[in-house]
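Residue numbers (this note's numbering): 153 to 267.
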C-alpha cells in the first residue's frame, strides 16, 4: 500500500453563507465520511485547517498574513490515506462532502526517501 495526501481546496465555510442548519448538515457529512474511512482502515490521519494563513516567500523571507477572505481558494484540510494507486484514492474521494459547495480534492502521492 502507498500513502497519499488528499488536499481539500475550496472557499471557507464562512464565505459560503451557510445557515447554522446547513453548516450542521455539512459537518455531519464530514463526520460520516471520516468514520467510514477510519473503520475501513483507509485514513491514517488528517485535520481541518484554520482560515488564518502566513506565507513566507523568497530570498528575503517576506512575511504576509492573510485570511481566507483574501485568497480565492484555501486549503481547508487534508487526509493521509492508504491505497494502491491514484485510481483507488479517486474512488475514496467520490464521497468528498464539499463537492456540492464547489470544493476540490487534490491527490498527491507521498514520496518516501530511502536512506
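Yeah, the Cβ is synthetic: ideal placement off N, Cα and C, and Gly gets one too.
- Give me the Cα-Cα distance between residue 201 and residue 229, rounded to the nearest whole angstrom. For the purposes of this step, residue 201 is taken as the residue at position 49 of the chain shown. For the purposes of this step, residue 229 is taken as the residue at position 77 of the chain shown. Rounded to the nearest whole angstrom, the C-alpha separation of residue 201 and residue 229 is 5 Å.
- Task: Could you name the residues of the same chain whose beta carbon sits closer than 6 Å to that of residue 207, not counting the 5 residues immediately before and after it, in chain order?
- Result: Here residue 207 refers to the residue found at position 55 when the chain shown is read from its first residue. The residues are 216.
- Message: Only counting the same chain, and skipping five residues up and downstream in sequence, which positions put a Cβ closer than 6 Å to that of residue 247?
- Response: In the chain shown, the residue the question calls residue 247 occupies position 95. Answer for residue 247: 185, listed in chain order.
- Can you check DSSP and say which residues form a bridge with residue 233? Counted from its first residue, the chain shown places residue 233 at position 81. Paired residue(s): 156 and 195.
- Message: Could you give the first and the last residue of the continuous alpha helix (DSSP H) run that contains residue 257?
- Response: Position 105 of the chain shown, counted from the first residue, corresponds to residue 257. Run containing residue 257: none in the alpha helix (DSSP H); it sits in the beta strand (DSSP E), 256–261.
- Message: Output needed for residue 178: all residues of its chain with C-beta closer than 8 Å, excluding positions within five of it in sequence on either side, in chain order.
- Response: Numbered from 1 along the chain shown, position 26 holds the residue referred to as residue 178. The residues 165, 170, 249, 250 and 253, in chain order, have a CB closer than 8 Å to that of residue 178 in the same chain once the five nearest residues on each side in sequence are set aside.
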